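To start, the structure itself, in structure tokens.
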Amino acid sequence: MAVRSMTGFARAEVETPAGSFVWELRAVNGKGLDVRFRLPQGMEHLEADLRRRLAATVSRGNLQASLQWRREAGVPALVVNEEMLSKILAMSSRLVADGHAAPPTADGLLAIKGLIDVAEEALDDTASGARDAAVVEGFDAALARLEETRREEGAALHGVLADRLAEIGTLVERADGDPARTTEAIARRLKEQVEALTAASEGLDPVRLHQEAAILAARADIREEIDRLRAHLAAAGALLDAGGVIGRRLDFLSQEFHRESNTICSKSNAASLTAIGLDLKVLVDQFREQVQNIE
């Protein structure tokens with residue numbers, strides 16, 4: 000399966016006897032799946048089916064699906080609200096009889112909101128069903144195009160993430176092979192520190208100092224961190240190769256990368272190891288930023 004991004008845009012248009020319908024789908028990052036539909040009045044009954052179709056394809060992301068209905072141009076049919084007109088004329092008659100108003104004019108009546116409306120052309124069951132089927136077909140086409148753009152961006156992100164993993168792996172091997180980690184280097188630094196402390200104060204117990212130095216040397220060992228980073232690298236590489244919905248698991252691994260990098264910095268007993276740890280943190284942050292785009 001391919002790696003997919005959570006961002007994308009797609010558009011699809013279908014023509015029907017009832018007019019043209021234009022779908023626009025927009026997708027951005029999200030922790031879960033959040034879908035919002037904007038449908039023309041009278042077509043809300045399609046939303047449940049459209050949501051099922053989308054959920055079968057998309058697992059994560061914030062999506063907006065909007066449908067525009069462009070009706071064929073023509074001479075509109077006007078409908079008068081007879082009940083409202085009767086009430087207005089009756090009220091006008093009373094006001095005119097009492098001398099509070101002049102008789103109503105045609106232009107005055109036409110200006111009253113809601114008195115005259117444009118009649119929608121009614122569709123029979125067959126025409127309505129054909130229209131709905133065309134709208135759903137257009138939605139499927141837009142959804143397919145959206146997935147195509149998400150796969151294309153996902154392929155690009157796959158390459159970026161693979162590069163970051165390779166760079167992290169290089170730094171891990173540099174940390175493992177750093178001369179400051181050799182037993183001889185650690186022993187030499189500790190010996191120098193113990194001798195300096197002993198010379199500075201005659202009251203310090205050299206044996207006790209050596210014991211404390213040995214404990215510090217054990218705590219400064221980063222073998223476990225390096226082993227865990229190698230395991231996380233292998234797991235992340237396997238996820239990228241497998242593809243599919245892997246964003247959450249990659250995000251978890253990026254957090255583990257960050258934790259091990261911090262530990263290497265805190266345990267470091269040499270400037271060279273500290274520099275490697277800081278470079279690791281930079282790469283891990285770059286990796287995690289890109290992972291936020293993966294479904």
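Per numbering that gives the first Met the number 0, residue 0 is the first one in the sequence shown, and the count goes up by one each step.
Beta carbons: idealized from backbone N, C-alpha and C, even for Gly.
Being a predicted model, the structure only gives us computed values, none of them experimental.
- Judged by DSSP in its simplified three-state form, G242 adopts coil rather than helix or strand.
- Under the three-state reduction of DSSP output, R69 falls in the strand class.
- Contact between N28 and M42 does not hold, since the beta-carbon distance rounds to 29 Å and is not under 8 Å.
- Between P39 and A126 a beta carbon distance of about 16 Å is seen, past the 8 Å cut, so the two are scored as non-contacting.
- With a minimum length of 4 residues, the unbroken runs of alpha helix (DSSP H) contained wholly in the stretch 98-167 fall at 105-109.
- Here L156 is near N292, since their CB atoms are less than 7 Å apart.
- Here R163 is buried. Its C-beta has 16 or more other C-beta atoms within 10 Å.
- A11 places its beta carbon 7 Å or farther from that of G242.
- A11 sits in a strand when the DSSP states are folded into three classes.
- Going by C-alpha positions, A89 is about 13 Å away from D97.
- Minimum Cα-Cα distance from V159 among the listed residues S19, E14, E294, V290 corresponds to V290.
- Cβ contact annotation for L114 (same chain, cutoff 8 Å, sequence separation greater than five): V79, N80, M83, L84, I87, L108, in chain order.
- Excluding its 5 nearest sequence neighbours in each direction, L252 has C-beta neighbours in its own chain below 8 Å: H231, A234, A235, L238, listed in chain order.
- Contact between S65 and R37 holds, with the beta-carbon distance rounding to 4 Å and staying under 8 Å.
- If you look at D220, you'll find it isn't in any alpha helix (DSSP H); DSSP assigns it neither H nor E.
- Put simply, of A154, A9, L49 the residue whose alpha carbon is nearest the alpha carbon of R25 is A9.
- In this structure, the straight-line span from the alpha carbon of R150 to that of A140 is close to 15 Å.
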